[in-house]
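As structure tokens, this is what we get:
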């Protein structure tokens, strides 16, 4: 589905931009622990951005394209919650934001399960 390919492309653009920003602008300003947290956010952002694009390419090949679309939106929510909370946590140092991160992880898991259901 075109929507997922567009969304995934935007996510990949942002992941690369945020990764470069972290590598060049933040590396000198953040502690090693905070850089590691930031890099984890970028890693999951990249992987799931690619996942969204792949879902867009798969959607028309499976019998339940609406479930594939839902899976893509769940991965997007995971990027926002998981990676987004890690970005903000690493830059601000506000540890309470870490409570949001597992919600993003659950969204990632739900998205992949939704793809499994669509494929079955």
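Numbering (my numbering), first residue to last: 2 to 121.
Glycine included, every Cβ here is placed at the ideal spot set by N, Cα and C.
Could you tell me the distance, in whole angstroms, from the CA atom of residue i to the CA atom of residue j?
| i | j | result |
| --- | --- | --- |
| residue 117 | residue 29 | 42 Å |
| residue 41 | residue 68 | 28 Å |
| residue 83 | residue 53 | 15 Å |
| residue 2 | residue 79 | 19 Å |
| residue 100 | residue 64 | 36 Å |
| residue 15 | residue 7 | 12 Å |
| residue 45 | residue 57 | 18 Å |
| residue 119 | residue 96 | 37 Å |
| residue 32 | residue 25 | 14 Å |
| residue 43 | residue 49 | 10 Å |
Would you mind reading off the limits of the alpha helix (DSSP H) that contains residue i?
| i | result |
| --- | --- |
| residue 1 | Since the first residue shown for the chain is 2 and the last is 121, residue 1 is missing from the structure and cannot be characterised. |
| residue 77 | 66-79 |
| residue 33 | 33-59 |
| residue 89 | 85-93 |
Run through DSSP, which three-state label would residue i get?
| i | result |
| --- | --- |
| residue 3 | helix |
| residue 101 | coil |
| residue 82 | helix |
| residue 121 | coil |
| residue 116 | helix |
Determine the closest residue to residue i out of the options, with distance taken between C-alpha atoms.
| i | options | result |
| --- | --- | --- |
| residue 51 | 74, 13, 17, 85 | 13 |
| residue 106 | 86, 56, 61, 91 | 86 |
| residue 90 | 121, 111, 36 | 36 |
| residue 112 | 59, 6, 72, 95 | 72 |
| residue 38 | 93, 109, 108 | 93 |
| residue 109 | 102, 76, 60, 33 | 76 |
| residue 104 | 49, 4, 81 | 81 |
Does chain D have any CB closer than 8 Å to the CB of residue i?
| i | result |
| --- | --- |
| residue 20 | Protein chain content of the structure displayed is limited to a single chain, and chain D is not contained in it. |
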